[in-house]
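Report on the structure given below.
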Amino acid sequence: MKILFVNPSLRPKAPHRYLPVGLGYVVTAVKLAGFSFDILDIDAADHTDDQVEAALMRGRYDVIAVGSIVTHYRWVHWLIHTAKRHNPGATVIVGNSVGSSIPEILFHATPVDVVVLGEGDITTVEVLEALRDGRPLGAMAEPPTPVPHDNGPYPACLKGVGVPGIVFRDPQGRILHNGRRAAVKAVDDLPWPDWDLFDVETYLRRARGTVHETVNRYPLEEARVMPVNTARGCVFKCTFCHYVFWHDPYRHRSADSVIAEIRHLNKKYGANYINFWDELSFHKLAPAEKFLDALDAADLGIHYTAAVRSDLLGQPDTPYEDRLRVAKKFARTGCVSLGFSLESGNDEILEAMNKRVNAAYFREQVRVLREAGVVCSTSVVVGYPQETPETLADTFRMCEETKVYPSVGYLLPLPATGMWKHALENGHITDPHQFLIDVTERQDLVMNMTSMADDQFQGEVKQGLSHLNEVLNCQLDESTLIRTGGYQKHGRNQKAEVFRQRNAADTLNFANMTGAV
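Using our numbering, read the sequence shown as starting at 77 and increasing by one per residue.
Below, the structure is given as structure tokens:
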């Protein structure tokens, strides 16, 4: 059985690249299960679509598997059709959020054969074993029972029984939903990604440009950047966000497991700058401090970045001295940047987002990180239905007060989120397939659900960012107020006390790639 895994490129023109953590976990599990396979790494090789098509023409594969975030739907749609055209007998498997969140749309709009729901490590192996052995992936449950969904006017899948964690097209053409697989509880037991399956040196070279200039444990040019996944999922369900572990509980690896993997990456690849590649790396103060104490004792000599909540160090109910103590431990163990989202400076909009934080928490967290000497990175989402010039002013005022230039994105109602449901129910989206085909990225105004006209809305955003650019001395030109081009490009000229933001490489949060097929 000839198998191909495809690693797409979310931003082909971006100068930097990141090792594909989600795909890394999946192909490692597949390798350990005894399968051989090819990887078409579009991101590392900078393949054009013509080159991808040529590879599919040459390969004659039995199985073609791909995963991506849902905002990459248009390209995945193209790939599925292209793969089937040149390999008509192949089983095409799709995972990550582009599979998990919209199976009804995918099966309606493409000839996809299998969609993997949620975690792909075990499920992908079981699908491949069934295909290899000629066993069915499942059967329709009796009596025929539709599985409810929130993806618009598309036929519901029918309840199936068989390999858990998949939706698939059976020999009769019926779309069967076998239910979700229970999440892996013992995440420490999962094998680390086998990065030898990828062109590691290319990724190391092209990730160096993302390194923060505040590194001091080695020369900047000696930084070797690699990802480590410390947790799966998130403890919160913000109404604009969707990630591949959406239906699974939050699970955190032990400090011993994480530190052992970092040692392995350092010894094998010289990795000394670690991106903790998670939706949420730390969400409670006590466990975070316990991890930092273990990391401090390990004395790895690394720098690292991580994603946290603004109530980790900004919750005013926790004494300031306790929060400062932990912030200083982040600095002492090599943390150069903590990413956490302001999203909005208006508490009404934060409530609509289901953020379960107050804007004041952000101010507190910036204050404590500034005192500890850790740079913060933040993002803002503008365009909730409640958004007005006044709420936008609240957000930009918070950025000015805290001296933070944010990564700004317009609200994208993504499948499986509260805002997706709102957009469908209120007629903002009438054709989900076409909407997803048209989606570009968060820096584009794809849909305006505010009461403001497009010109007014974009003008208010531009005016607020122009003012921030001036008062924070970011030296961005008008074309890069939203498309900032990266941390280094507008961080180098800022005053030392100004916190800086690097836009992520993908459409929303880079951690959304974590669960690729």
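Glycine is no exception: its CB is placed at the ideal position from the N, C-alpha and C atoms.
- When C-alpha distances from D117 are compared across F367, W271 and C317, the shortest belongs to W271.
- With fewer than 16 other Cβ atoms from the protein chains shown falling within 10 Å of its own Cβ, K261 counts as exposed.
- For D119, the uninterrupted alpha helix (DSSP H) run begins and ends at I118 to A121, by DSSP.
- Contact check between the segment 272 to 282 and the segment 311 to 330: fewer than three CB pairs, one atom from each, fall below 8 Å, which does not count as touching.
- Taking the Cα positions, T409 is about 47 Å away from L207.
- V174 has its alpha-carbon roughly 10 Å from the corresponding atom of H153.
- Apart from sequence neighbours up to five positions away, the residues of its chain that approach A185 with a beta-carbon distance below 8 Å are H153 and H509, ordered along the chain.
- Under the three-state reduction of DSSP output, H509 falls in the helix class.
- Only buried fits I140, as 16 or more other CB atoms lie within 10 angstroms of its CB.
- The beta carbons of L487 and G540 sit no closer together than 8 Å.
- Taking 8 Å as the upper bound for CB-CB distance, A492 and M523 are not in contact here, some 17 Å apart.
- Here P222 is bridged, per DSSP, to L234.
- Under the three-state reduction of DSSP, F406 is assigned to helix.
- Going by DSSP, F244 is part of the beta strand (DSSP E) stretching over I242 to R245.
- CA-CA distance, K360 to L388, rounds to 6 Å.
- Of the candidates P395, G194 and G98, the residue whose Cα lies closest to the Cα of F274 is G98.
- For the pair S527 and L426, the Cα-to-Cα distance works out to about 18 Å.
- Leaving aside the five residues that flank T104 on each side, the residues in its chain whose CB is nearer than 6 Å to its CB run, in chain order, P267, P269 and D270.
- For H328, DSSP records a beta bridge to A307.
- For N83, the enclosing beta strand (DSSP E) stretches over residues I79 to N83.
- A straight line joining the alpha-carbon of L193 with that of K89 spans about 30 Å.
- Annotation: C475 to Y481 spans about 6 Å, alpha carbon to alpha carbon.
- Take the alpha-carbon of D122 and the one of D530: they are about 35 Å apart.
- Contact check for V106 against V168 fails: the beta carbons are separated by 8 Å or more.
- In the structure shown, C475 falls within a helical segment according to DSSP collapsed to helix, strand and coil.
- H153: member of the alpha helix (DSSP H) spanning Y149 to H162, first to last residue.
- Only buried fits V188, as 16 or more other CB atoms lie within 10 angstroms of its CB.
- By DSSP's assignment, H253 forms a beta bridge with K235 and V243.
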